[in-house]
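Contents: one structure, followed by commentary.
Numbering (mature numbering (1 follows the signal peptide of the UniProt record, and there is no 0)), first residue to last: -19 to -1, 1 to 717.
Dropping the structure here:
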C-alpha cells in the first residue's frame, strides 16, 4: 500500500508540474485588457443597401464600407486626412441619413450619464455629382455649441438636435439655416427631446425626438422635472482627471434624482409642424404619474406610436397618435400581475402593414405579430424558453428572425421562422450567439462565444451558411496557451426547498480532491440578470482561481433566462430569496470534501454588492469575508423606475422595504466586510455606503471601507481599477 501511495503521489506531482508549466496570470495584465478578445465594434449596416456595412477604422480617421458577402473593404466612405475643409484629424462616432446619402460625424464627445453625451457634429455628403465624384467637403452642423442626439429627417434634408435642453432644426437645403423649435428648456427644470436622468438610466435611451415618415413633422417628449427632488454630491480637485478650479475649495454637482415614492418628471408628447411652425400637445390617455418610455413614428406619417406605462409598470399601452389632430387610439395593451420588463420597447419594430411585440403573458418571453390596426395576427414563437431579441422581418418571404435560449437558459442561438411556421436554427455553435442583420435581412454578422471559445465573428447568409470568418481570436488563444488559466465548468445543485440552481465553478490549476480550498463566490443576482452563461472571459475571478481559490458563481431566484415565474418570485421583497440562495450555495460548497467551509467569501458590484451584504446578514454564519462594491443598502435611497418596478412605493409596501433593507438585518452581519464606493456615483449614491457604515458603527460592528474620489458607478480612471482589484485581492488573501 505504501509503495502504491508513493507511486501515485509521484504521478500526481508530475501531472501537477505539467499543468503548471505556463506563466502565472498577472493582475495588472488582466486589468489592462491584455486577455480581452478581439471584437469588431461600431458596425452599421448601410441604409437602403442590403449588401454592405460600414465601420470606423481603429484610429478614428476613416469610415470604411465592407461587403456583407465577403467581409472585404469595398471603399473608403470618409477620410479625415483627405476631406476638404476638415477641421479635425480624428472623430468619435458617426451615423447615416435614412437614405444613406449623408453622414453625421461626431467629434469632441463629452459623456454626461450612461447613454447621453454632447459632441460637435459635422455633415458630409456621400451623394455623387453628375461627373460621379463626391464633393468631399466637411460642413459644421451648427456654430452655436455642442449638440445632443442629432437625427436626420427621412428625406435627409434636415437635422434636428438638442442643445441646452431645447430642440433646434437645421435645414440643409437652405444653407444649413438653424431655427429654434422650443424655448422653455432649462437645466434641472425642463428637458425637450432628451430624457431625464432616471428615464435614461432605467429605460435605456438618450433621444426622445423623432421625424415623421414624410419629414413634415417633429415629435418629442417634454420632461418637466421642476418638482423632482435634487441630489447633490461634492466634487474635489482629484487626479486623472484633475479639476484645477477645486484645488482649494471643493465644488458640487446637483441634479434631479427621484427616489422611490418621490415625484417623477411630468411628461407630455408634443408635435411641431415644420412648415406652419405650430406646436401641439397630444392627448395621451395616461395616468398623471405614468411613464412614456418611447415614441416612434411609424411608416405612416399620420401615426406616431406612443408607448406608456403606469407608475406600477404593470400595464403597458401602445397608442397611435395623429400628430395634427392630437387624437390617440389604443392599439395594444399588455398587463402583468407583477411588472412589464423594459425589453419590450425596442423589440417593437414597425413595418408598413405590421408591427412586432414581445410579451411574457404565456409565462415566457415570446414574439407576437400585429397588424397596424392593432389586431393580433399570430403568436410567432411558443414554448418553455425565452425570445431574447427580435432581429427583423423579411417582407419578401415573410420570415421572422430572432434569438432565443431554447437550447438552454445559459445559451443563445439565432433562429428563423418562415411564414408557414417552420423554424430553423441559423447559428451553428452552442454557446452565446449575437446576430446583426443587413437591412434587407439577406446576411448577418454573428458573434459567437462559449466557455472555452473567445469571440469568433462570421458573416453568414440568412440560411445560416458561413460566408467568411472575420475574427478567430487565434492570437489570444496562443497567448493564453503560455499561461496557467483556470477553466470554468458548469454545475447545478438543489437548494433545501427543492429549487435547482445553475452555476459555474473555476478550480485552481493542479486542483486535488485531497486538498481543502477556500471558496470565493461572485454574483450579481439582480432581477432578470444572468452571470451563468456559456461565454468566454478572463477576469479578476480567473486571477483569484489562479491564486488557489475555488471561484463560484450561481444565479439564484430572481435572475433571468428561466421564465417569468422564476424571475418574478422576488417581487415586492427584493434581496430576501436571492440572499437565501447565495447562503444555500455556500452551504452546498461547504459540504464538498475539497472545500474548507470555514473559508468562504462572497463579493459583488451594485446589486451584487447589495446581495453580498444581504447574504452576510441572512442569519446563517457561513461567510468569513465579503466585499460590497457600489452597493444599494436600502431601496428608499434608489430611483423610482427601478425600485418601484420590483417593490412598488415605500408607502404601498412598507413591510417589503423593511425586509429588503440591509439596515434591518445589520445586527446579524457576520464575517469581515469591506465596503467600496465612488463618491461621485450618480446611480447608487455614496449615501448608501455612508449611512450603512454609520449604522454599523453604532451597532459596534467592525468593517473596512475604501472610498474613491470623484469616481462614478464604474469606479475607473487613471490607476483606479488596478487599485480597486489589488485592494480586493489583498482583502480576501488576508481574510480567507
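Glycine included, every Cβ here is placed at the ideal spot set by N, Cα and C.
- Message: Am I right that residue 694 and residue 659 are in contact with their C-beta atoms under 8 Å? What's the rounded C-beta distance?
- Response: Your numbering for residue 694 matches position 713 in the chain shown. Your numbering for residue 659 matches position 678 in the chain shown. With 8 Å as the limit, residue 694 and residue 659 qualify as a contact, their Cβ atoms being about 7 Å apart.
- Message: Spatial neighbours of residue 487 within its chain, please: C-beta separation below 6 Å, excluding the five flanking residues on both sides.
- Response: Taking the chain shown and counting its residues from 1, one reaches residue 487 at position 506. For residue 487, where only same-chain residues beyond five positions count, the Cβ hits under 6 Å are 467, 469, 526, 532.
- Message: Rounding to the nearest angstrom, what Cα-Cα distance links residue 510 and residue 540 in this structure?
- Response: For the purposes of this step, residue 510 is identified with residue 529 of the chain shown, where counting begins at 1. For the purposes of this step, residue 540 is identified with residue 559 of the chain shown, where counting begins at 1. Rounded to whole angstroms, residue 510 to residue 540 spans 5 Å at the Cα level.
- To the nearest angstrom, report how far apart residue 543 and residue 563 are at their CA atoms. If you number the chain shown from 1, residue 543 lands on position 562. If you number the chain shown from 1, residue 563 lands on position 582. So the alpha carbons of these two residues sit roughly 18 Å apart.
- Does the separation of the CB atoms of residue 190 and residue 148 fall below 8 Å? Locating residue 190 in the chain shown gives position 209, counting from the first residue. Locating residue 148 in the chain shown gives position 167, counting from the first residue. It is a contact, given that the beta carbons lie within the stated cut-off.
- Between which two residues does the beta strand (DSSP E) harbouring residue 286 extend? In the chain shown, the residue the question calls residue 286 occupies position 305. From DSSP, the beta strand (DSSP E) with residue 286 extends over 285 to 290.
- Query: Would you say the beta carbon of residue 420 comes nearer than 7 Å to a heavy atom of the ligand NAD?
  - Reply: What this structure holds is no ligand at all, so the ligand NAD is not there to describe.
- Item | alpha helix (DSSP H) segment containing residue 676, residue limits | For the purposes of this step, residue 676 is taken as residue 695 along the chain shown, with counting starting at 1. Where residue 676 is concerned, the enclosing alpha helix (DSSP H) stretches over 667 to 679.
- Message: One question on the structure: do residue 119 and residue 56 come within less than 8 Å of each other, judged by their Cβ atoms?
- Response: Here residue 119 refers to the residue found at position 138 when the chain shown is read from its first residue. Here residue 56 refers to the residue found at position 75 when the chain shown is read from its first residue. Not in contact: residue 119 and residue 56 (Cβ atoms no closer than 8 Å).
- Message: I need the boundaries of the beta strand (DSSP E) containing residue 483, first residue and last residue.
- Response: To locate residue 483, count along the chain shown from 1; it is residue 502. First-last of the beta strand (DSSP E) with residue 483: 481 to 487.
- Message: DSSP three-state label for residue 436, please.
- Response: In the chain shown, residue 436 corresponds to position 455, counting from 1. Strand at residue 436.
- Taking Cβ positions, are residue 74 and residue 126 nearer each other than 8 Å? In the chain shown, counting from the first residue as 1, residue 74 sits at position 93. In the chain shown, counting from the first residue as 1, residue 126 sits at position 145. In this structure, residue 126 does not lie closer than 8 Å to residue 74 by Cβ.
- Task: Check the C-beta distance from residue 581 over to residue 570 and give it rounded, since I have them as a contact under 8 Å.
- Result: One-based indexing of the chain shown puts residue 581 at position 600. One-based indexing of the chain shown puts residue 570 at position 589. Correct: roughly 6 Å between the Cβ atoms.
- From 423, 359, 572, 574, pick the residue whose C-alpha is nearest to that of residue 337; which is it? For the purposes of this step, residue 337 is taken as the residue at position 356 of the chain shown. Measuring from the Cα of residue 337, the nearest candidate turns out to be 359.
- Task: Less than 8 Å between the CB atoms is what I'm expecting for residue 713 and residue 568, so what's the real figure, rounded?
- Result: The residue labelled residue 713 in the question sits at position 732 within the chain shown. The residue labelled residue 568 in the question sits at position 587 within the chain shown. Not a contact, Cβ separation roughly 20 Å.
- Message: Between the alpha carbons of residue 38 and residue 672, how many angstroms are there, rounded?
- Response: Stepping through the chain shown from its first residue, residue 38 is reached at position 57. Stepping through the chain shown from its first residue, residue 672 is reached at position 691. Near 47 Å, if we compare the C-alpha coordinates of residue 672 and residue 38.
- Task: Using alpha carbons as the reference points, say which of 304, 177, 553 lies closest to residue 211.
- Result: On the chain shown, position 230 is the one that residue 211 refers to. Answer by Cα proximity: 177.
- residue 268: which of 257, 291, 90, 280 sits nearest, CA to CA? For the purposes of this step, residue 268 is taken as residue 287 along the chain shown, with counting starting at 1. Closest by alpha carbon: 291.
- Contacting residues, own chain, Cβ-Cβ under 6 Å from residue -13 (five flanking each side not counted): Position 7 of the chain shown, counted from the first residue, corresponds to residue -13. A caution first: residue -13 carries a pLDDT of 41, below 50, which makes its placement in the model unreliable, though a value can still be read off. Nothing listed; no residue qualifies.
- How many Å lie between residue -18 and residue 595 at the Cα? Within the chain shown, residue -18 is the residue found at index 2, counting from 1. Within the chain shown, residue 595 is the residue found at index 614, counting from 1. At residue -18 the pLDDT is 39, less than 50, meaning the model places this residue with poor confidence; the figure from the coordinates comes in the next sentence. In a straight line, the C-alpha of residue -18 is about 49 Å away from that of residue 595.
- Is residue 426 closer than 8 Å to residue 438 when the C-beta atoms are compared? For the purposes of this step, residue 438 is identified with residue 457 of the chain shown, where counting begins at 1. For the purposes of this step, residue 426 is identified with residue 445 of the chain shown, where counting begins at 1. The answer is yes: Cβ separation under 8 Å.
- Apart from the five residues just before and just after residue 228, which ones in its own chain have a Cβ nearer than 6 Å to its Cβ? Here residue 228 refers to the residue found at position 247 of the chain shown. Counting only Cβ-Cβ distances below 6 Å, and skipping sequence neighbours, we find 218.
- Just how far apart, CA to CA, sit residue 329 and residue 63? Numbered from 1 along the chain shown, position 348 holds the residue referred to as residue 329. Numbered from 1 along the chain shown, position 82 holds the residue referred to as residue 63. The alpha-carbon atoms of residue 329 and residue 63 are separated by roughly 41 Å.
- residue 321 vs residue 200 beta-carbon contact at 8 Å: Position 340 of the chain shown, counted from the first residue, corresponds to residue 321. Position 219 of the chain shown, counted from the first residue, corresponds to residue 200. No, Cβ-Cβ distance for residue 321 and residue 200 is not below 8 Å.
- Message: With DSSP as the reference, identify every bridge partner of residue 644, one or two as the case may be.
- Response: The residue given as residue 644 occupies position 663 in the chain shown. Paired residue(s): none; residue 644 is not in a bridge.
- Return the CA-CA distance between residue 223 and residue 698, expressed in angstroms with no decimal places. To locate residue 223, count along the chain shown from 1; it is residue 242. To locate residue 698, count along the chain shown from 1; it is residue 717. Rounded to the nearest angstrom, the two C-alpha atoms are 11 Å apart.
- For the beta strand (DSSP E) that residue 112 lies in, which residues bound it at each end? Position 131 of the chain shown, counted from the first residue, corresponds to residue 112. Premise fails: residue 112 is in no beta strand (DSSP E) and is neither H nor E.
- Message: Am I right that residue 232 and residue 216 are in contact with their C-beta atoms under 8 Å? What's the rounded C-beta distance?
- Response: In the chain shown, the residue the question calls residue 232 occupies position 251. In the chain shown, the residue the question calls residue 216 occupies position 235. Residue 232 to residue 216, Cβ: 5 Å. Contact.
- Query: Along the chain, where does the beta strand (DSSP E) that runs through residue 214 open and close?
  - Reply: Counting from 1 along the chain shown, the entry for residue 214 is found at position 233. 211 to 216 is the extent of the beta strand (DSSP E) around residue 214.
- In the structure shown, what three-state DSSP assignment does residue 415 receive? To locate residue 415, count along the chain shown from 1; it is residue 434. Reduced to three states, the DSSP call for residue 415 is strand.
- Best match in 98, 81, 598, 129 for proximity to residue 136 [C-alpha to C-alpha]: To locate residue 136, count along the chain shown from 1; it is residue 155. It is 81 whose Cα lies nearest to the Cα of residue 136.
- Message: Please report the distance separating the alpha-carbon of residue 432 from that of residue 46.
- Response: Reading the chain shown from its first residue, position 451 is the one you call residue 432. Reading the chain shown from its first residue, position 65 is the one you call residue 46. Spanning the two alpha carbons is a distance of roughly 32 Å.
- Message: Looking at the secondary structure, which residues open and close the alpha helix (DSSP H) in which residue 184 lies?
- Response: Locating residue 184 in the chain shown gives position 203, counting from the first residue. Where residue 184 is concerned, the enclosing alpha helix (DSSP H) stretches over 178 to 184.
- Task: Confirm, please, whether the CB-CB distance from residue 252 to residue 272 is below 8 Å.
- Result: The count along the chain shown starts at 1 and reaches residue 272 at position 291. The count along the chain shown starts at 1 and reaches residue 252 at position 271. Result no, Cβ atoms of residue 272 and residue 252 do not sit closer than 8 Å.
- Assign residue 715 to one of two classes, buried (16 or more other C-beta atoms within 10 Å of its C-beta) or exposed (fewer than that). Taking the chain shown and counting its residues from 1, the one referred to as residue 715 is at position 734. Label assigned to residue 715: exposed.
- Whole angstroms is fine: what's the gap from residue 573's alpha carbon to residue 603's? Reading the chain shown from its first residue, position 592 is the one you call residue 573. Reading the chain shown from its first residue, position 622 is the one you call residue 603. Whole-angstrom Cα-Cα distance: 14 Å.
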